[in-house]
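Protein chains: 2
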Amino acid sequence: MDNLRKLAIIGLGLIGSSIARAVREVLPNILVSGYDTDEAVGARAAELELAKIVNSPEEAVADADLVILCVPVGSMAAAAKSIAGKLKPDAIVSDVGSSKSSVSADLERILPATRIVPAHPVAGTENSGPDAGFAALFHGRWCILTPGSAADGEALLMLRKFWEALGAKVEVMDPKHHDMVLAVTSHIPHLIAFTIVGTASDLEQVAQSEVIKYSAGGFRDFTRIAASSPVMWRDIFLANREAVLDTLQRFSEDLSLLQRAIRLQDGETLFNLFSRTSAIRRSIVQQGQDTAAPDFGRVQG
Amino acid sequence: MDNLRKLAIIGLGLIGSSIARAVREVLPNILVSGYDTDEAVGARAAELELAKIVNSPEEAVADADLVILCVPVGSMAAAAKSIAGKLKPDAIVSDVGSSKSSVSADLERILPATRIVPAHPVAGTENSGPDAGFAALFHGRWCILTPGSAADGEALLMLRKFWEALGAKVEVMDPKHHDMVLAVTSHIPHLIAFTIVGTASDLEQVAQSEVIKYSAGGFRDFTRIAASSPVMWRDIFLANREAVLDTLQRFSEDLSLLQRAIRLQDGETLFNLFSRTSAIRRSIVQQGQDTAAPDFGRVQG
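The listed protein sequences derive, respectively, from chains A and B. Under the numbering used here, read the first sequence as residues 5 to 305, first letter to last. Under the numbering used here, read the second sequence as residues 5 to 305, first letter to last.
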């Protein structure tokens, strides 16, 4: 990565600020400039000394070898427009959006296609904003790159090395397949979590105070991801509409099957499904994608 | 609790073995006898010196002042029958089942109603068996008692003190209301988790290896509770059928609403729901029912 002297980060929330912190830690020779459309976020990032915070996207990307857009996927087109024409001719542009087909299309419509390498680090917490980031966020997590057919190999290689330097494992994927995979592993889980937390708040027979008190029975697990950024998630569902609706349809069918089994007192169907599901958790733990400690290693009480 | 000299625990899985460990720690003068219908479980509990392990339920409950049935809710009637006629006249019988109406009915059909105090400690992990238990499991968690109208006050008071000694907070509730509350805070979350993990394993477009690899996007959170005991959960859904189906219907309606909003690209509806849901998590953390650490305080990587 000798040819990466300056990195520009547009958007300084959880992911953008984590990238800034990680680069400071593992690639200290790279100059990092940062910009956020929200002035308060920019000011806080400056206080935290996350990067050289500047007052415009043009200033941030001037002379940058790599630009990473870390904004909600619905704001990618606007972010791309704000830097178009201000980039060095060979600057590489990437992003961290959780859906890729729409982002790829947005970027390729506005910027030179040879230098675009969309990316998605599959990592995060339920918290948002520049204070929530931390350098180790990407350690051992996967970062999926979805270059278009016009993207050149050198740009792809540089981005791969960049993410590996930050501790991530890198995979290259077609954007459409990415969107289907993430619909299952991320988008539908979030949609379901948001829904059940909403349902639980609105019941007539059960008070919200009771839902909170007795949440250790399982419900509290869902409240974590349902506390994630509303704007970010609104944008993801609109951007990955097709794959989300497709997977949701399958989930609803499977749920109806279990609903029917409960109604008909068909214990065998329930038992058979419940017996299959623990194997997946074992694999996730074995592959280092979750902790082996019971109850996520929560400190109780 | 001077009148509690001997405790019998029937069933030595996660909850039974945790009670045994907690009693050894905080009430060391109480004699604890234990029995499990599964001989291997009994042998392991003996190895772990969790209690005086005996070879029959009759032997376990002989002279016991308090008997706690720690078996799946579908086995409560059989467990009650196995001790009926063997109890001291004033022995108190309780349980730890996650649904209460059916268990109350089962116990009251078989045993003297004045001495029955059904209970549900809202605590657990995804692990099962005598090795999974630990003494601190009930610290700061709620234990719900659902005595019938015939139960006498002295029995209720003793059980309250017992659970408080183990570190739990105690609430008294009508069994029917308990079942509605727990349908929301525990049973439906488990049903949904089992379903989505099942759906994700069965998709044609996405390989199971991909689901595992990219699970840190949210999916892995659901795999924890979907790794819970299949027998225990089959029984809960059969026992709490009515409240589960009722809540499930509400959840499905709410999910359809969001599905429609995604289809119609109605970002406002999505944003409005997603903005409401983070308040509940804050309350759960404030009330000590979950950790404040991001990502459940998981140790990453």
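We put the beta carbon where it would ideally sit given N, CA and C, even for glycine. Nothing here was measured: the structure is a model prediction, and the numbers come from that model.
Using the Cα positions of residue i and residue j, report the straight-line distance between them to the nearest angstrom.
{"i": "residue 71 (chain A)", "j": "residue 264 (chain B)", "result": "36 Å"}
{"i": "residue 301 (chain A)", "j": "residue 286 (chain B)", "result": "20 Å"}
{"i": "residue 61 (chain B)", "j": "residue 246 (chain B)", "result": "32 Å"}
{"i": "residue 1 (chain B)", "j": "residue 25 (chain B)", "result": "Residue 1 (chain B) lies beyond the stretch modelled for chain B, which goes from 5 to 305, so this question has no answer here."}
{"i": "residue 240 (chain A)", "j": "residue 211 (chain A)", "result": "31 Å"}
{"i": "residue 67 (chain A)", "j": "residue 11 (chain A)", "result": "9 Å"}
{"i": "residue 27 (chain B)", "j": "residue 21 (chain B)", "result": "10 Å"}
{"i": "residue 291 (chain A)", "j": "residue 116 (chain A)", "result": "37 Å"}
{"i": "residue 179 (chain A)", "j": "residue 203 (chain B)", "result": "22 Å"}
{"i": "residue 200 (chain A)", "j": "residue 197 (chain B)", "result": "11 Å"}
{"i": "residue 130 (chain A)", "j": "residue 255 (chain A)", "result": "24 Å"}
{"i": "residue 77 (chain B)", "j": "residue 177 (chain B)", "result": "18 Å"}
{"i": "residue 82 (chain A)", "j": "residue 299 (chain A)", "result": "41 Å"}
{"i": "residue 128 (chain B)", "j": "residue 270 (chain B)", "result": "39 Å"}
{"i": "residue 5 (chain B)", "j": "residue 228 (chain B)", "result": "37 Å"}
{"i": "residue 119 (chain B)", "j": "residue 134 (chain B)", "result": "27 Å"}
{"i": "residue 13 (chain A)", "j": "residue 59 (chain A)", "result": "13 Å"}
{"i": "residue 63 (chain B)", "j": "residue 7 (chain B)", "result": "20 Å"}
{"i": "residue 238 (chain A)", "j": "residue 35 (chain B)", "result": "57 Å"}
{"i": "residue 207 (chain A)", "j": "residue 226 (chain A)", "result": "17 Å"}
{"i": "residue 274 (chain B)", "j": "residue 266 (chain B)", "result": "8 Å"}
{"i": "residue 145 (chain B)", "j": "residue 54 (chain A)", "result": "40 Å"}
{"i": "residue 15 (chain B)", "j": "residue 43 (chain B)", "result": "11 Å"}
{"i": "residue 220 (chain A)", "j": "residue 242 (chain B)", "result": "21 Å"}
{"i": "residue 170 (chain B)", "j": "residue 141 (chain B)", "result": "9 Å"}
{"i": "residue 65 (chain B)", "j": "residue 283 (chain B)", "result": "47 Å"}
{"i": "residue 23 (chain A)", "j": "residue 75 (chain A)", "result": "13 Å"}
{"i": "residue 1 (chain A)", "j": "residue 49 (chain B)", "result": "Because chain A here runs from 5 to 305, residue 1 (chain A) falls outside it and cannot be looked at."}
{"i": "residue 293 (chain B)", "j": "residue 168 (chain B)", "result": "17 Å"}
{"i": "residue 281 (chain A)", "j": "residue 91 (chain A)", "result": "49 Å"}
{"i": "residue 175 (chain A)", "j": "residue 41 (chain B)", "result": "49 Å"}
{"i": "residue 250 (chain B)", "j": "residue 209 (chain B)", "result": "33 Å"}
{"i": "residue 86 (chain A)", "j": "residue 172 (chain A)", "result": "29 Å"}
{"i": "residue 52 (chain B)", "j": "residue 46 (chain B)", "result": "10 Å"}
{"i": "residue 181 (chain B)", "j": "residue 110 (chain B)", "result": "18 Å"}
{"i": "residue 272 (chain A)", "j": "residue 257 (chain A)", "result": "18 Å"}
{"i": "residue 124 (chain A)", "j": "residue 268 (chain B)", "result": "26 Å"}
When you compare each of the options to residue i by their alpha carbons, which one comes out closest?
{"i": "residue 235 (chain A)", "options": "A:174, A:145 and A:101", "result": "A:101"}
{"i": "residue 187 (chain B)", "options": "A:214, A:288 and A:86", "result": "A:214"}
{"i": "residue 190 (chain A)", "options": "A:110, A:126 and A:16", "result": "A:126"}
{"i": "residue 149 (chain A)", "options": "A:97, A:134 and A:140", "result": "A:97"}
{"i": "residue 88 (chain A)", "options": "A:172, A:104 and A:112", "result": "A:112"}
{"i": "residue 223 (chain A)", "options": "B:230, B:219, B:217 and B:220", "result": "B:230"}
{"i": "residue 30 (chain B)", "options": "B:114, B:91, B:139 and B:173", "result": "B:139"}
{"i": "residue 9 (chain A)", "options": "A:143, A:92 and A:69", "result": "A:69"}
{"i": "residue 279 (chain B)", "options": "A:158, A:260 and A:232", "result": "A:232"}
{"i": "residue 108 (chain A)", "options": "A:80, A:91, A:219 and A:48", "result": "A:80"}
{"i": "residue 252 (chain B)", "options": "A:185, A:104, A:261 and A:251", "result": "A:261"}
{"i": "residue 248 (chain B)", "options": "B:293, B:84, B:183 and B:147", "result": "B:183"}
{"i": "residue 194 (chain A)", "options": "B:142, B:136 and B:259", "result": "B:259"}
{"i": "residue 147 (chain B)", "options": "A:218, A:158, A:86 and A:181", "result": "A:218"}
{"i": "residue 296 (chain A)", "options": "B:136, B:168, B:181 and B:297", "result": "B:136"}
{"i": "residue 73 (chain A)", "options": "A:277, A:268, A:272 and A:17", "result": "A:17"}
{"i": "residue 277 (chain B)", "options": "A:185, A:47 and A:205", "result": "A:205"}
Contact check, residue i vs residue j under 8 Å by CB: the rounded distance?
{"i": "residue 99 (chain B)", "j": "residue 122 (chain B)", "result": "6 Å"}
{"i": "residue 19 (chain A)", "j": "residue 38 (chain A)", "result": "Not quite, the Cβ-Cβ distance comes to about 12 Å (not below 8 Å), so this is no contact."}
{"i": "residue 216 (chain A)", "j": "residue 192 (chain B)", "result": "Wrong, their Cβ atoms sit about 16 Å apart, outside the cutoff."}
{"i": "residue 103 (chain B)", "j": "residue 244 (chain B)", "result": "4 Å"}
{"i": "residue 114 (chain B)", "j": "residue 159 (chain B)", "result": "Not quite, the Cβ-Cβ distance comes to about 17 Å (not below 8 Å), so this is no contact."}
**Item:** Any 3 or more C-beta pairs closer than 8 Å across the segment 150 to 166 of chain B and the segment 140 to 153 of chain A
**Value:** no
**Message:** What ranges does the alpha helix (DSSP H) occupy inside the segment 261 to 304 of chain A, keeping only unbroken runs of at least 4 residues that lie completely in it?
**Reply:** 271 to 280 and 282 to 290
**Item:** 3 or more residues per run - each beta strand (DSSP E) lying fully within the segment 79 to 154 of chain A
**Value:** Annotation: the segment 79 to 154 of chain A contains the following complete segments of the beta strand (DSSP E) (minimum length 3 residues), in chain order: 96 to 99, 123 to 125 and 146 to 149.
**Asked** Which ranges does the alpha helix (DSSP H) cover as unbroken runs of at least 4 residues, wholly within the segment 172 to 228 of chain B, from first to last along the chain?
**Response** 179 to 186, 192 to 206 and 212 to 217
**Start-end ranges of the alpha helix (DSSP H) lying completely within the segment 18 to 53 of chain B, minimum 4 residues** = 18 to 30 and 43 to 51
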